[in-house]
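Q:
Protein chains in written order, with my numbering: chain L, 2 to 159; chain R, 7 to 445.
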């Protein structure tokens, strides 16, 4: 019960950091070698060497953050915001060293200018336990609408 | 009415400016579909997309939903995605395998992979004595008027007459030659994934941006700078940053005043070529190993010739942008006057080491995925362009940069030395547009 509660709190905090645009704090939730991955195809098993919508280590995350914070990131200028809801949190596997495999579902509503878009799907988190709490070794995002044509593109992580 | 406002379409285009209606008027869009996209050679796909008999892929040619399909004899056909009986769409999925024949989901008429009628349920009792049956061509799926492929890249034209594919492509063939020649096996194969992004702007705005050498340092400054910062930090730590950082930081390190150095080459039919600027021939172990394999395959001299080709983009008007040294392309499918779909594909060089595939894959993911660090800012500008052009704030789009300084020779227009940001590619595209639209 305690682990379940801790994991849920962790996922809620991650969503909150995205919605409040605290990019560096969000990146810091990842382990040093952590990876954020959104596969192009749900059948893909591993992030390395395949077409991916996102496949970012901390360095690439830092590029993305630097871009969105730059005053001339034109696509960042209009009114833009997101709202995540995370739920259905299930711990699928607990390793002896405390590592966890966690699955959850998310729904993200995004406002851009006057338009609202919805994205939904599942997260698979591989979490490692550190002195500072959990850190993400791999976050896999399987977005249900990832395979449909994109009306406009994704600006930051989902 | 369009006729009242624009009696003569050619008056919409002057050598260095274009009326805004060319981008925003639905009736002009319809005419463009008839006179350009449903007449000239349009890229349908690569043969390796439909590797096995029965494999099909849907593709839009102009306004026409078509199918690219592989037959049992190995041939590739382009068919209208429509049953001749009651007009039902034949394949509802984007791609798949039809099995031994197409079967309509409505009344079970079946067709061979080349579109010929195969069977109609209870044909004898239902159709004897009528004019409907296998001998009537109207009972077969309609085929594209012409289909040709060049080095595995399949094009269709919906018009019976016109130049052959190779004549049409002309110098822009270098897009496919450069891409395929870079494979030690001389061929590429598809990476089975298509990124699809819809832009809220006219199709021509995208094409004009492809060879606009001035925009990167303005539009992509944010990503270029951010990538350069991280690249420097990695270099400091490990000595060498992956080439993917360089691909992004080049947008910022090549500053606005430097872009005039690069050249564009503008050919008949609206095709344009932009010279390379990213320096994609580093001296790292992966590249050197690849170059050795190339030398073995082609001989030293020929390999050097191939690897020395320095191209950034080739634009094949009116619907394809090819980045041959990175083995990717973007096919442009106009959906409406203000909606454009881009379909983005990546190819693998047959016989090249995995590291070379991964290098271009990094570019495909970072620049061309739906979470792109680059095109996001382009799309914002395209949308704003289309919005601005829809207003009565002005009648013209201007293409005046370095106008009058371009050099005409051997039937093509080349930008003058140190005039690489010339708007010659846009002028060239509009010249072709007028020729096509005159009908």
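Positions of the beta carbon are idealized from the N, C-alpha and C atoms, including for glycine. Just so we're clear, the structure is a prediction, and the values are computed from it rather than from any experiment.
Could you please give the first and the last residue of the uninterrupted beta strand (DSSP E) stretch that includes residue 36(L)?
A: Here the beta strand (DSSP E) through residue 36(L) covers 31 to 40.
Q: Taking 8 Å as the CB-CB limit, is residue 55(L) close to chain R?
A: Yes, its Cβ sits closer than 8 Å to a Cβ of chain R.
Q: Note the first and the last residue of the continuous beta strand (DSSP E) segment covering residue 418(R).
A: Start and end: 418 to 420.
Q: Below 7 Å CB to CB, which residues in the same chain sit around residue 211(R) once its five sequence neighbours on both sides are set aside?
A: Excluding sequence neighbours, residue 211(R) sits near 29, 388, 391 and 392.
Q: Spatial neighbours of residue 93(L) within its chain, please: C-beta separation below 7 Å, excluding the five flanking residues on both sides.
A: The residues are 102, 103 and 104.
Q: Confirm, please, whether the CB-CB distance from residue 148(R) to residue 86(R) is below 8 Å.
A: Yes, Cβ-Cβ distance for residue 86(R) and residue 148(R) is below 8 Å.
Q: Beta-carbon separation of residue 355(R) and residue 160(R) under 8 Å?
A: Not closer than 8 Å, so no.
Q: Ignore the nearest five residues each way along the sequence and tell me which others in residue 106(L)'s own chain have a CB closer than 8 Å to its CB.
A: Excluding sequence neighbours, residue 106(L) sits near 87, 88, 89, 121, 122, 123 and 124.
Q: Here's the rule: buried if 16 or more other CB atoms are within 10 angstroms of the residue's CB, otherwise exposed. What is residue 429(R)?
A: Label assigned to residue 429(R): buried.
Q: Rank 206(R), 151(R) and 56(R) by C-alpha distance to the C-alpha of residue 116(L) and give the top, closest one.
A: Taking only the C-alpha atoms, the option nearest residue 116(L) is 206(R).
Q: According to DSSP, residue 57(L) sits in a beta bridge with which residue or residues?
A: 37(L), per the DSSP bridge assignment.
Q: Residues of chain L with CB under 7 Å from residue 228(R), in chain order?
A: Here the neighbours are 68, 71, 73 and 74.
Q: If we count the other Cβ atoms within 10 Å of its Cβ and call it buried at 16 or more, is residue 270(R) buried or exposed?
A: By the 10 Å Cβ count, residue 270(R) comes out buried.
Q: State the DSSP-derived secondary structure class of residue 129(R), mapped to helix, strand or coil.
A: Note: residue 129(R) maps to helix in three-state DSSP.
Q: Starting from the Cα of residue 41(L), find the closest Cα among 119(L), 149(L) and 153(L) and give me that residue.
A: Minimum Cα distance to residue 41(L) is reached at 149(L).
Q: Please decide whether residue 202(R) counts as near chain L, where near means a Cβ-Cβ distance under 8 Å.
A: Yes, residue 202(R) lies at the interface with chain L (some Cβ there is under 8 Å from its Cβ).
Q: Please list, in chain order, the chain L residues whose beta carbon lies closer than 9 Å to that of residue 319(R).
A: Neighbours of residue 319(R) on chain L: none; closest Cβ ~20 Å, over 9 Å.
Q: Please compile the residues from chain R whose C-beta is within a distance smaller than 8 Å of the C-beta of residue 41(L).
A: Neighbours of residue 41(L) on chain R, chain order: 199, 201 and 375.
Q: Taking residue 209(R) as the reference, give the member of 166(R), 31(R), 100(R) and 71(R) with the closest Cα.
A: Of the listed residues, the one whose Cα sits closest to residue 209(R) is 31(R).
Q: Could you work out which residue in 255(R), 177(R), 46(R) and 166(R) is closest to residue 372(R) when comparing CA atoms only?
A: Per the Cα distances, 255(R).
Q: Using a Cβ-Cβ cut-off of 8 Å, state whether residue 152(L) counts as contacting chain R.
A: With 8 Å as the cut-off, residue 152(L) counts as an interface residue toward chain R.
Q: Say whether chain L places a C-beta atom closer than 8 Å to the C-beta of residue 371(R).
A: Residue 371(R) counts as touching chain L.
Q: Of the choices 441(R), 155(R) and 364(R), whose alpha-carbon is the least far from that of residue 51(L)?
A: Measuring from the Cα of residue 51(L), the nearest candidate turns out to be 364(R).
Q: Straight-line CA distance for residue 386(R) to residue 134(R)?
A: Using only the alpha carbons, I get a separation of about 60 Å.
Q: Check whether the region 4 to 20 of chain L touches the region 54 to 70 of chain L, counting contact only when three or more Cβ pairs, one atom from each stretch, lie closer than 8 Å.
A: Because the criterion of three Cβ pairs below 8 Å is not met, the region 4 to 20 of chain L and the region 54 to 70 of chain L do not touch.
Q: Would residue 362(R) count as contacting chain L if we go by Cβ distances under 8 Å?
A: Chain L, which has no Cβ nearer than 8 Å to the Cβ of residue 362(R), makes this no.
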